[in-house]
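Chains as they are written, first to last, in the numbering used here: chain A, 1 to 415; chain B, 1001 to 1483; chain C, 2001 to 2198.
Glycine included, each C-beta is placed from N, C-alpha and C at the ideal position.
Because the structure is a prediction, the values reported are computed rather than measured.
Since the structure comes first, as C-alpha cells, the remarks are kept for the end.
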Amino acid sequence: MMAIREQFSKTKNFNLISLGLMGVGLLSIIILFITHGASGDHRMQARFWASLLQNSVYFLLVTNAAMFFIAATTLAWGGWQVSFRRVSEAISSCVPVLSITTGIILLAIVLSDNHTIYHWTDTEHVKHDKILLHKAGFLNKGFFIVWTIITLVGWNLLGAKLRQLSRKIDDRPLDNAGAKKYIWDNTVWAAIFIVFFSLTVMSSIPWLWLMSIDAHWYSTMYSWYTFASSFVAGIALITIFVIYLKNLGYLEFTNEEHLHDLGKFMFAFSVFWTYLWFSQFMLIWYANIPEETTYFEPRVEGAWNGIFWLTVIINFLAPLLILMSRGAKRNYGTLTFMCILILFGHWMDFYQMVFPGPMKDPETSVSHVPMMLADLGIGLGFVGLIMFFTARALANAPLIAKNHPFLKESLIHHT
Amino acid sequence: MSLLRYESQVRPPLVEGHKDYHQITEDICRPVEAAPSLLWWIGFGISVILLLFGVFSVYMEVTYGVGQWNLNKTIGWGWDITNFVWWVGIGHAGTLISAILLLFRQGWRTGVNRAAEAMTIFAVMCAGQFPIWHMGRVWMAFFVMPYPNTRGPLWVNFNSPLLWDVFAISTYFTVSLLFWYSGLLPDLATLRDRARKKWRKHMYGVLSFGWTGSTKHWQRHESLSLVLAGLATPLVLSVHTIVSFDFATSVVPGWHTTIFPPYFVAGAIFSGFAMVQTLLLVTRKVLNLQEYITIEHIEVMNKVIILTGSIVGIAYLTELFMAWYSAVQYEEFAFFENRANILSPYGWAYYIMMSCNVVFPQIFWFRKMRRNLYVTFFLSILVNIGMWFERFVIIVTSVYRDYLPSAWSTYYTPTIWEVGFFLGTFGLFFTCYFLFSKFFPVIAIAEIKHILKKNGESYKENMDEIEKVSVEEFADHHVDKHH
Amino acid sequence: MSVKKFIVTSFDDEEILFPAIRQVRKSGYKIHDVYTPFPIHGLDKAMGLRDTSLHTAGFVYAIMGTATALAFMTWIFTTDWPMNIGGKPHFALPAWIPITFELTVLFSAVGMVLTFCYLCQLAPFVKKDHFRLRSTDDLFVMAIECTTKTNEEQAIAFLAQLGGKDITVEMKETEWWLGRYDKDDRHTLIKTEPEIIH
C-alpha cells in the first residue's frame, strides 16, 4: 500500500529562512522609516508609506488569488488540481494576517494629514479641485474605510468557508450520493466567492486602493488588469510551494503532469496580462487625450521608462519564450526560476502602478525613481511572512484532500 | 491494468444510451445518408428566399449608392456596423468551444464542436458582407490590400483599426476554416467508406483527401489540432478585440474606453453560445441526437452563458461608474442622457439591452432552469436580441447626439434595404447551415469515439467498484506506472 | 508505385490491441501500420513511432509571419512613404501589433496545415489503398509487412492467438495515386485473390 505523508512539518532551514526574511523586512521598514518615514517633509514620508502600501496590497491580492484559483476550478468542476489543492488553501490562509496589515496601513494613510498618496483625502484641496470635488461621492474617507472593511471581512469569511468545506470530509469518506451533494455545496459557495470577488477585486477595490493614487486619471480596464497581474503571480506562488513540497518528498500524488498544467496557466495568463496591458496602453496612446496620457507620461517618457518596459520584458517576453516548450513546463528548475521571475515581475508591475504618483515633485511635475533596495527588503519581509503562515496552515491540515470525489482523477491526470 | 480512462461518477455521462463505436457511426451518419426530409426542404427554401432578398437589397445599395440606407451626419455607422459586430461576435463561440475547451480538456465539447465551428465559419461569412458592401464603391474593395501599385505606390493605412479588421477577419475566417476542415477529414473518410451510392463515394472520396486512419497520421493530426487550438485561442481574443478597437481608438465619448477589448470578447462568447444553443436545440431534436447533445451539454453551455453574461454586466456597471467618475461632461452625457435615460430617444434600446443581457439570463442561476429546454431556447433568442441592441446602443447613442446640438439627429430608422441586407445574412447563414447539416456530420464522430470509454454511459456504470476503493489502493493497483 | 504483401488483421477493442502490438514487435514482425477510427493515446509510443515535429514547423512559420509583418510595415511607414497620420510617429509600433499578431497566426496555421497535408500525403483526389473499410468505423486494423523470412501460416496463427480477427494475406499498393473512390482503379495488376484464413 502506498504510504502518503499527510502531515507536513516545517524544516529548521525553512523556519530560519522565513524568520530571516521577516527580519530583513522589519529592518528595511525601520531603515526606511528613519530615512524617510520620520521626516517632516510630506513627500519623504509618502515614499515610506507608498512602499508599505504597494507591498501589502500586492501580497494580499496575490494570496487572495490563491483562493480565487480554488473557487474558479471548483466552479468549473476541475479535477486535476485536487491533489495539491491543500497548498492553494494554505496560501490563502495568509489572507487574514495580510488583511490586518493592509487594513492598518490603508487606514493610516487615509486618516493621516499627509495627502501625497491620496490627494482626495485633503478636504481643503478637494474644495478647490473641480474634478476631485465631483468624485467626492466615491473618493471619500468614509466610503473608503467602510468598503475596505466589508471587502476584507468578505474575503476572509468566504475563504474560510471554502477551506472549512474542504476539510469537512477528511475523516468522512463519501458515497455516491454524498459525493454529488458535496460537489454541489462546494460549487454554490465557490460561486458566491466569485461574485463577491468580481464586485471587489475585479472592480471597486483597485479603483479605491490603487487607481485613486492618480486621482484625476481613470481607466475602465484598470481593475481587470490588476486582477490579471495578481492572478498570474498567485499561480506562480502556488507552483513554487508545490515544487518545494515535492522536493521534500510530500505530495506523492502530484507529478510533472500537474506542474505542466500549472506552467501552462503561467504561460497563458502571462499572455492574458500582456493583452490587458497592451489594450490599456495602446488605446490611451492612440487617442492621445491629455487627461489620459498624463498617467503614462512619467512611465513612458519620464524616469520610470526603464522599469515600465522591464516589467513587460519580465512579465511577457520571458514567460512567452521560456515557458513555450513542453519540456520547460515539466522541468522543476525552469519552473522554479520562472515562478520567482513572475512574482518579482508583477511586484515591479505594482511598483510602477503605485509609486510614480507620490514620487512626483509638485513644482517640477517630474517623478523620479527612488532607491528600490528598501522596498525590495520590505517585499522580502512579506515573502517571509507568507512562508511562515503558509507553512503553519500546511501543518494544520492533512496535505491531501483524501476523500475528495475528484482526487482519483487528479491521480491519473496527464496532459 | 492501465486506468487512464477513469472519471468520477459524480460527473454525468456525456454519451447516453449505452453506445458502442459502431452505433455512434450509425447514429451520426444516418441523417447525412438519408434523403432530405420535408422539414429540411421547407427550412432550406425559406433560407434561400431570405438570401435572395438580401442579394436584391445589396444590389439596390450597390447600384444606387449608400444613400439607400439612412446613414447620415452624424450617424455614420448604423445597422451596417451593428450587424457586422453582431455576426462576428456570434462566430466566437465555435472557436472557443473547439480551441479553448480543447486546451482545457473538456470532454463535453465533442458533442457540440463540429456544429459550433461550422456556425463560426458561416457567421464570419455573414459578418464579412457588411464591411465589404458598406464601402459603396465595392469594385474598389481591393484598395484595402497592401499590394505594389502605380499610385505611388500608395499603401494602406496600417495605423487604422479598420484595416486591422481586414487582417483580423480574413485570418479568423481562414484559420477557423482550416481548423474545422482538418477535424472533418477523418469523419469524411468514415462517410466515404460507408457510402454505397457512387456519387457519395466520389464526393466524400475527394473531400476526405485520402485519409486512412494511419497511426502516424493521427499522431500528426493530434499535434496539429493542439497547436491550432493554441493559435486559435489568442486569435479568438484578438479578433473581437480588434473589432472593439474600431470604437475604442476613437475619441468619441462612449466609444473610447479601455475595457472594450475584454468586454467585447466576453460579449462575443456570450452571444455565440446563445446562438449555439438556438441551433443545437433544434438540430438535436430533428436529427435525433439527444444522446450525444445531452441535457448536460445544454446545462454546461448555459453556465457559460451566465458566466459571460455576468462579465458583460460587470463591464456595463464599470462603464457607467467610470463615465461618472471621469468628471468628463461628455462621457456623462453619453451614458446618463443618451443611454440610461429611458425617456431619451434611444433609452428604450438601452433597457432592452440591459434586461436581455443582464437581467433575464440570471434565471440560469437555478439548476432547473438551466436544464429546461424551452427556457433555454427562449433565453438564447433573448440574449441574441440583447446583444444586437448592445452594439446598436454603443454605435448609435454615442453619435446621434454629440458635441454640436444643431447637428443632433433625432431618429435613425433603417430603410427596407438595410433590413433586407440583414435578413439576407440570416438567409446566407441558414442556407449554409442546412447544407452543412445535410452533407456533413454535425457531431465530430471520431472525437465522440475518443471519449466513449471514459464518458459513455456503459463505461461509467462499470466504474462502481473503482469508486468505492480508497485512494491509496487506487494509486497502487489502478494506475499504470509505466505510462 | 510499390505493391507489397501484407498480413492484415483486425481487433475490435483497443484493450486487446496494445498488448498485441507489443507482442508482434517483440516477435520481430514489421508492422507496416495500424489503422484506427479515432486517435488512441499512447498508440504511437507503443508502435515505436518517433514524435512529430509539426509544432516546431508551426513555430518557425509563426516567426516568419511576425518578421514579415513588422519588416513590411516598418519599411512602408519609415522609408517608402512616411506620412503624418493623426500625429503618430512614423514608427508607430503599438498600432502595428494587431496586424503583426494576425499575420503570425495566419502564417503558422496555414503553414502547418499545408505541411500536415504534405507529410500525410493528403489532398483532394488523392487515393490510397484501404485494408478494411471498417477501420474508419469501429475496427482497429493492423497490417504486417511480409518479408521473405515471414512464415505466413505461423504469423496468422500467432495473430489469431493474440485476439486478431478476420486475418487475410493481401497485396496492397503502399503509395498514393490520383483517383476516384467510386472507381476501382487500383494500380496493382496482381490477380491473386486474398487468402482469407479466419
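- Using a Cβ-Cβ cut-off of 7 Å, residue 134 of chain A is close to 1327 of chain B, given in chain order.
- The three-state reading of DSSP puts residue 368 of chain A in coil, since its state is none of H, G, I, E or B.
- Under the Cβ criterion of 9 Å, residue 2143 of chain C is not counted among the residues facing chain A.
- Contact check for residue 1424 of chain B and residue 1050 of chain B: beta-carbon distance about 6 Å, within the 8 Å limit, so the pair qualifies.
- Pairing residue 1134 of chain B with residue 1066 of chain B gives a Cβ-Cβ distance under 9 Å.
- Of the residues A:373, A:321, A:412, the one whose Cα lies closest to the Cα of residue 32 of chain A is A:373.
- Between the segment 248 to 258 of chain A and the segment 333 to 345 of chain A there are fewer than three inter-stretch CB-CB distances shorter than 8 Å, so the stretches are not counted as touching.
- When only Cα atoms are considered, residue 1359 of chain B and residue 1323 of chain B end up about 22 Å apart.
- Residues of the segment 174 to 187 of chain A that bring their beta carbon within less than 8 Å of a beta carbon in chain B comprise 176, 179, 180, 183, in sequence order.
- Of all residues in the segment 392 to 413 of chain A, those with a C-beta nearer than 7 Å to a C-beta of chain B are 402, 405, 406, 407, 408, 409, 411, 412, reading in chain order.
- Only those residues of the segment 2035 to 2054 of chain C whose C-beta falls short of 7 Å from the nearest C-beta of chain A would be listed, and there are none.
- Residue range 2003 to 2011 is occupied by the beta strand (DSSP E) that includes residue 2009 of chain C.
- Counting only the Cα atoms, residue 1114 of chain B lies some 6 Å from residue 1444 of chain B.
- For residue 1088 of chain B, the uninterrupted alpha helix (DSSP H) segment begins and ends at 1079 to 1095.
- With a threshold of 16 other beta carbon atoms within 10 Å, residue 1153 of chain B falls short and is exposed.
- Shown here for residue 300 of chain A: same chain residues with a beta carbon closer than 7 Å to its own, the five before and five after excluded, namely 308 in chain order.
- The three-state secondary structure of residue 2143 of chain C, taken from DSSP, is strand.
- Contact between residue 407 of chain A and residue 82 of chain A holds, with the beta-carbon distance rounding to 5 Å and staying under 8 Å.
- Partner residues in the beta bridge of residue 1456 of chain B, as assigned by DSSP, are B:1015.
- For residue 2135 of chain C, at least one C-beta of chain B is nearer than 9 Å to its own C-beta.
- At least one C-beta of chain B is nearer than 9 Å to the C-beta of residue 2138 of chain C.
- In the displayed model, residue 2031 of chain C falls within a strand according to three-state DSSP.
- Relative to residue 1233 of chain B, the option among B:1159, B:1269, B:1210, B:1250 whose CA is nearest is B:1269.
- As DSSP reads the structure, residue 2171 of chain C sits in a beta bridge with C:2005.
- In this chain, residue 1356 of chain B is not harboured by any alpha helix (DSSP H), its DSSP state being neither H nor E.
- Residues 1047, 1048, 1051 of the same chain have their beta carbon placed closer than 6 Å to that of residue 1431 of chain B, with the five preceding and five following residues left out of the count.
- By the rule that beta-carbons nearer than 9 Å mark a contact, residue 1097 of chain B does not touch chain A.
- By the C-beta density criterion, residue 1405 of chain B is exposed, having fewer than 16 other C-beta atoms within 10 angstroms.
- In this structure, B:1091 is the residue among B:1012, B:1091, B:1056 with its C-alpha nearest to the C-alpha of residue 1429 of chain B.
- DSSP places residue 228 of chain A inside the alpha helix (DSSP H), whose first and last residues are 222 to 247.
- With respect to chain C, the C-beta atom of residue 1219 of chain B has a partner C-beta closer than 9 Å.
- DSSP lists no bridge partner for residue 152 of chain A.
- Shortest Cα-Cα distance from residue 366 of chain A to any of A:124, A:305, A:345 involves A:305.
- Here residue 1223 of chain B really is in contact with residue 2052 of chain C; their C-beta atoms are around 5 Å apart, less than 8 Å.
- For residue 1442 of chain B, there is no enclosing alpha helix (DSSP H), as DSSP gives it neither H nor E.
- For residue 1041 of chain B, the enclosing alpha helix (DSSP H) stretches over residues 1038 to 1064.
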